[in-house]
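Numbering-wise, the sequence shown is residues 34 to 237 according to the numbering used here. Note that CB positions come from ideal geometry on N, CA and C, so glycine has one too. Data first, discussion second: the structure below is written as structure tokens.
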Amino acid sequence: MFEFGDVRFRPFEKEDLKVLHEWENDFEVVMYSRNYPMNFASMAQLEQQYEEWLKDEKQIHFLVELAESKEPIGIARLEQHAWANVKTADIGTYIGKKEFWGKGLGTQITVALLEMAFNQLNADRCEASSVEYNERAHKALVACGFKKSGVTRQSAFVNGRKWDRFYFDILRDEYLKIRLDLLKKTLGNKLEEYIKKHCTIKGY
34 MFEFGDVRFR PFEKEDLKVL HEWENDFEVV MYSRNYPMNF ASMAQLEQQY EEWLKDEKQI
94 HFLVELAESK EPIGIARLEQ HAWANVKTAD IGTYIGKKEF WGKGLGTQIT VALLEMAFNQ
154 LNADRCEASS VEYNERAHKA LVACGFKKSG VTRQSAFVNG RKWDRFYFDI LRDEYLKIRL
214 DLLKKTLGNK LEEYIKKHCT IKGY
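In structure tokens, the structure reads:
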């Protein structure tokens, strides 16, 4: 269990597939989370996917809940891989409860994943990607210090046209320079409590 600001992360359990099934069959949710909105998922498909998650030791999947009410609002993924001795964490997330879109929770979730990647897994860099039209996701990534690092052109086909896919990354040193400011911005009056529980930051 990992609590960060207004959200908390817990391991994804099999009983959570019911709410995931609801989100994965919502056209608008899937359009932004998967960039191929006609790919709806049956419960049997999700159960098979869940079993694959359990076997993959490089990936961690979380159910994201509101910290206070424990209401499920989305999912998050953290995948570790290394190439040429560089440790990379690939992150992904989406908010399935659309009434919580545009409320800053995506930024909180992203910072929390960065904290896990750099402060717990000791990653050298972190990366994420999103389809061209998902401006809300791009804004959240840039607000968290990510830089646009690449494009795969016309790699998604949605709503009758082709779209590019944007890639973003942030290096460990870059994150550490802005870490305290990001934590202040996203945690507010919960900062002191978080510092005591999870980390040591110069000046505290």
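query                                                                                                                                                                                     : result
State the DSSP-derived secondary structure class of residue 206, mapped to helix, strand or coil.                                                                                         : helix
Between the segment 128-137 and the segment 178-196, are three or more C-beta pairs nearer than 8 Å?                                                                                      : no
Return the chain-ordered ranges of every beta strand (DSSP E) run that is complete within the segment 128-184 and spans a minimum of 3 residues.                                          : 158-164
Return the CA-CA distance between residue 230 and residue 167, expressed in angstroms with no decimal places.                                                                             : 34 Å
For a test of the three-state rule: what should DSSP assign to residue 117, helix, strand or coil?                                                                                        : coil
Anyone know if the C-beta pair for residue 63 and residue 142 falls short of 8 Å?                                                                                                         : no
Note down the Cα distance separating residue 152 from residue 193, rounded to an integer number of angstroms.                                                                             : 42 Å
With 16 other CB atoms within 10 Å as the buried threshold, where does residue 107 fall?                                                                                                  : buried
Return yes when the Cβ of residue 96 is within less than 8 Å of the Cβ of residue 105, no when it is not.                                                                                 : yes
Please state whether DSSP places residue 103 in a helix, a strand or coil.                                                                                                                : coil
Which of helix, strand or coil does DSSP assign to residue 60?                                                                                                                            : helix
Taking its Cβ as the centre, do 16 or more other Cβ atoms sit within 10 Å of residue 221, making it buried, or is it exposed?                                                             : exposed
Tell me the DSSP bridge mates of residue 94?                                                                                                                                              : 110
To the nearest angstrom, how far is it from the Cα of residue 218 to the Cα of residue 36?                                                                                                : 16 Å
Given residue 80, which residues of its chain have a CB within under 8 Å of its CB, disregarding the five upstream and five downstream residues?                                          : 47, 50
Decide yes or no for the touch test of the segment 114-126 against the segment 76-90: beta carbon pairs closer than 8 Å, at least 3 of them.                                              : no
Might you give, ordered along the chain, the residues of its own chain that have their beta carbon closer than 8 Å to the beta carbon of residue 150, omitting 5 neighbours on each side? : 111, 122, 124, 156, 159
Among the residues of its own chain, which have a CB less than 6 Å from the CB of residue 129, if the five just before and after it don't count?                                          : 56, 62, 107
How would you call residue 183, buried or exposed, if buried means at least 16 neighbouring beta carbons within 10 angstroms?                                                             : exposed
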